[in-house]
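Student: This is the structure I have questions about; it appears just below.
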Amino acid sequence: MYARDNVSGADQSQEQPTLAQVNAAVDAFRMLSDGTRLRLMWLLSSGEKDVNSLAEAIGVPRPSVSQHLAKLRLAGLVGTRRDGHRVLYRARDSHVRALIAEALFHAGHEVSGLPRHD
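For the sequence shown, UniProt numbering gives the first residue as 1, with consecutive numbering after it.
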């Protein structure tokens, strides 16, 4: 369904992404372009966490974390579950987790000078 290059083994006859798909991807990248939100998503990619745990882990005040989580939730990147009085947050699905992991692995290559690979 998505356009890919030949290196990945995809067939060139695949359809280009729709305008709606491109816009949704741009919106997701826009949400992830904030360092605090990207750090939150990295933590949420490994499992459920509450606001207090997230705030402590990244050293950001709880109200700020709550605001970022609300934006990520509205963007469809974060899901929630109630556990008594607590709300637990998590990365929405495997696509979101893979996106976060790949972005940060790519960044690791950029800052470390490790050779690129396919």
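Just so it is clear, CB atoms sit at the ideal spot from N, CA and C, and this is done for glycine as well.
The structure displayed is predicted, hence computed values, not measured ones.
1. To which residues does DSSP link Gly79 through a beta bridge?
2. Just to check my reading of the structure: Val60 and Leu77 have Cβ atoms closer than 8 Å, yes? What is that Cβ distance to the nearest angstrom?
3. Just checking my contact of Arg92 with His68 at CB under 8 Å: how many whole Å lie between their CB atoms?
4. Please list, in chain order, all residues of the same chain as residue 132 whose beta carbon is under 7 Å from its beta carbon, the five residues on each side excluded.
5. Got a sec, what are the start and stop residues for the alpha helix (DSSP H) Pro18 sits in?
6. What does a CB cutoff of less than 6 Å around Ala25 pick up in its chain, not counting 5 residues either side in sequence?
7. Count the other C-beta atoms from every protein chain shown that fall within 10 angstroms of the C-beta of Leu44, then say buried if there are 16 or more, exposed otherwise.
8. Let's see if you can read the secondary structure: which residues bound the alpha helix (DSSP H) around Val65?
9. With distance defined between alpha-carbon atoms, name the residue in Pro17, Ala75, Leu104 and Leu40 nearest to Arg30.
10. Measure from the C-beta of Ala103 to each C-beta in chain D and report whether the shortest distance is under 9 Å.
11. Between which two residues does the alpha helix (DSSP H) holding Asn39 run?
12. Are there 16 or more other CB atoms within 10 angstroms of the CB of Val111, so buried, or fewer, so exposed?
Tutor: Let me spell this out:
1. By 1-based counting over the sequence shown, the position of residue 79 is 79. DSSP output for Gly79 lists Arg90 as bridge partner(s).
2. In the sequence shown, residue 60 corresponds to position 60, counting from 1. In the sequence shown, residue 77 corresponds to position 77, counting from 1. No, Val60 and Leu77 are not in contact; Cβ-Cβ is about 17 Å, not under 8 Å.
3. Numbered from its first residue, the sequence shown carries residue 92 at position 92. Numbered from its first residue, the sequence shown carries residue 68 at position 68. At roughly 15 Å, the Cβ-Cβ gap does not stay under 8 Å, so Arg92 and His68 are not in contact.
4. An answer regarding residue 132 cannot be provided, because it is not within the stretch 1 to 118 covered by the chain.
5. As a working note, residue 18 is residue 18 in the sequence shown. Before going further, note that residue 18 is Thr rather than Pro in the sequence given. Note, Thr18: premise wrong, no alpha helix (DSSP H); not H, not E.
6. Position 25 of the sequence shown, counted from the start, is the residue given in the question as residue 25. Answer for Ala25: no residue qualifies.
7. Within the sequence shown, numbered from 1, the residue matching residue 44 stands at position 44. Classification of Leu44: buried, given that the 10 Å Cβ count is 16 or more.
8. Here residue 65 is taken as the residue at index 65 of the sequence shown, counted from 1. It spans Arg62 to Leu74 - the alpha helix (DSSP H) in which Val65 sits, taken as one unbroken run.
9. Position 30 of the sequence shown, counting from 1, holds the residue named residue 30. It is Ala75 whose Cα lies nearest to the Cα of Arg30.
10. No chain D is part of this structure, which consists of one protein chain only.
11. The residue you call residue 39 lines up with position 39 of the sequence shown. Note that residue 39 corresponds to Arg in the displayed sequence, not to Asn. Unbroken alpha helix (DSSP H) run through Arg39: Gly35 to Leu44.
12. Counting from one through the sequence shown, the residue named residue 111 turns up at place 111. Per the 10 Å Cβ criterion, exposed.
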